[in-house]
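Numbering (UniProt numbering), first residue to last: 1 to 630. Taking it in order: structure first as structure tokens, then the write-up.
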């Protein structure tokens, strides 16, 4: 590139070729000779070209740089001496200055000498004056510096790219962890699939649909998520039509049949027509503007659970390699989670049926109204070792039992079934006080080798003729390591019914067990419960039990079912840390008929018919329930 530097004035320019170096008599040379001597002695190369492009003057420094002698260059044509310069930047500079009269400069590589030169040219009456410098070292330094800067910038760019890739990979790893955690936190297949769709959008796609194949082969589009809230309604409109409108060649049917992913990087109108069978569904799909899609099977342990489709709009374009790789890993994790969810759901159904079979409905005798509740621990299978029971003894007294076998799994439930059966059988047959029942149950558990340790509270509601005449009932109870019951009086007073606490069942305790005794006034409510109702991690037992006592007092006058439901809702909130069983008994006044709000009377067939009672004769402590009527 030629750079203009000014205009030469030829009137004052020296005639380089006619200058002499020294006068014959040795006197000081005239000023113009001094100028010539200065030019010849300076380190900067210089030469002059006449009108025919011949060297009319070259100083020694110039000849040395051009790798010639002064004599070899004097009078020689520059283009003949240096033909490589013809057509190059230096010829362009010289001709430009001669044509315009303006001084100019350029910097260029001269191959024959293997150097970089900076040339400055200006026009004088003596000819075209050219001064030049060898700038090779400077250019090399600049190039090395530029190369170093470029290398640093490239390294920084690589670091930036690597950091971006690492950040993206980290986000994808977090996504995979979130998928596993979210989907395994529920045993509901539809809920798990909905969580999956919500998680993968927008990291893996603009929108996502997840199809579930039910055990009977029915396909349903359950999981749906879109990154644009304005497009959610349109997505649902299309998803509602997709299953019935999919052709066999559509991605989901294809993937379900092959078990392999299907990726369409650039979705065309022909692809849409091959996917969607009817115009209505195609019109529903159009506002979603699908431009790329990828469908993956949900396949685990050889079973097909469904498929999910990731869709991008035209702005986002095809899925990246990282997105596809993450989606494939996510498909395997999601499929395993769905498999586990179905297994857990099946196990939960078995457990629920087992629990219902073990927790039989209570009797509803006479003027006693009973309500029961069972809430399994939030985590794990919905079954545990807590139980309740209520039945009539042959003499007509009502026995109430609540207990807690250690653990909340199927093993605990099985052990609970054995303990419950022993308590029921011994209490029904022996007609003993509650303490005696617990003593015999403990002995039977150890003697029969039942692998269970349990707390239990056995109560008996009695009413002899004197109590009945007074409108009262009498409660006897004994506890084997179980929380004391509460008695809610009609005026809202809450009594903690305390008695000496014996050891838990299952340890073979040979020592004495004690009974407690209390009167149960009319319209009062007896509340039995397991420790899961009030025990909280990090909360002192006294504090949590006091909270329960306050809630019970506030529930005075409420229907019995409402009282039970309110206690569970207030004490447990969204979930129970442990299994919870509750048995509530309301003592309605004995005068008159059983109140309608108590529901119908429910008795065992034998007792309900008023027929004879088998087994031992009633004890002398009170008259039978049926025989006590006035």
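Glycine residues also receive a C-beta, built at the ideal position from the N, C-alpha and C atoms.
Distance, residue j Cα to residue i Cα
i	j	result
residue 623	residue 190	Caution applies to residue 623, whose pLDDT of 37 falls short of 50 and renders its modelled position unreliable; the model cannot decide the point.
residue 593	residue 182	54 Å
residue 501	residue 297	59 Å
residue 263	residue 583	59 Å
residue 423	residue 539	32 Å
residue 344	residue 303	16 Å
residue 392	residue 193	49 Å
residue 405	residue 482	11 Å
residue 314	residue 266	9 Å
residue 202	residue 597	55 Å
residue 449	residue 375	29 Å
residue 413	residue 372	17 Å
residue 41	residue 152	44 Å
residue 97	residue 149	36 Å
residue 632	residue 426	Residue 632 falls outside the range modelled here, since the chain spans only 1 to 630, and no answer is possible.
residue 437	residue 187	40 Å
residue 398	residue 365	8 Å
residue 588	residue 217	54 Å
residue 634	residue 180	Residue 634 falls outside the range modelled here, since the chain spans only 1 to 630, and no answer is possible.
residue 117	residue 126	23 Å
residue 142	residue 136	10 Å
residue 442	residue 509	7 Å
residue 173	residue 305	23 Å
residue 536	residue 544	7 Å
residue 79	residue 37	28 Å
residue 601	residue 517	26 Å
For residue j and residue i, believed in contact at Cβ under 8 Å, the rounded distance
i	j	result
residue 294	residue 319	5 Å
residue 595	residue 527	19 Å between Cβ atoms; not a contact.
residue 197	residue 224	6 Å
residue 178	residue 204	Not really, about 12 Å apart at Cβ, beyond 8 Å.
residue 255	residue 334	Not confirmed; about 14 Å, so no contact.
residue 563	residue 555	4 Å
residue 566	residue 386	Residue 566 to residue 386, Cβ: 19 Å. No contact.
residue 635	residue 112	Nothing in the structure corresponds to residue 635, since the chain is present only between 1 and 630.
residue 208	residue 309	7 Å
residue 69	residue 61	Contact flag wrong, Cβ pair sits at about 12 Å.
residue 128	residue 94	6 Å
residue 301	residue 275	Actually they are not in contact, since the Cβ atoms of residue 301 and residue 275 sit about 29 Å apart, beyond 8 Å.
residue 487	residue 495	4 Å
As assigned by DSSP and simplified to three states, the class of residue i
i	result
residue 539	strand
residue 309	strand
residue 204	coil
residue 264	strand
residue 594	coil
residue 110	strand
residue 153	helix
residue 3	strand
residue 517	strand
residue 508	coil
residue 86	coil
residue 389	strand
residue 534	coil
residue 495	strand
residue 53	coil
residue 63	helix
residue 221	strand
residue 230	helix
residue 70	helix
residue 77	strand
residue 292	strand
Any non-hydrogen atom of the ligand ZN closer than 7 Å to residue i Cβ
i	result
residue 518	No copy of the ligand ZN appears in this structure; indeed no ligand is present at all.
Residues that residue i bridges to, as DSSP identifies them
i	result
residue 246	276
residue 121	104 and 130
residue 297	307
residue 525	488 and 586
residue 446	Looking at the DSSP assignment, residue 446 forms no beta bridge with any residue, so it has no partner.
residue 454	405 and 505
residue 47	58 and 130
residue 236	Paired residues: none, contrary to the question.
residue 368	587
residue 398	392 and 461
residue 581	374
residue 566	Paired residues: none, contrary to the question.
Only counting runs of 3 or more residues, tell me where the beta strand (DSSP E) segments fall wholly within the segment 313-364, in order along the chain. none
Run through the segment 159-216 for me and flag every whole beta strand (DSSP E) of 3 or more residues, listed as ranges in chain order. 207-213
Report the start-end ranges of each alpha helix (DSSP H) in the segment 461-489 that is 4 residues or longer and not cut off at the edges. 465-469
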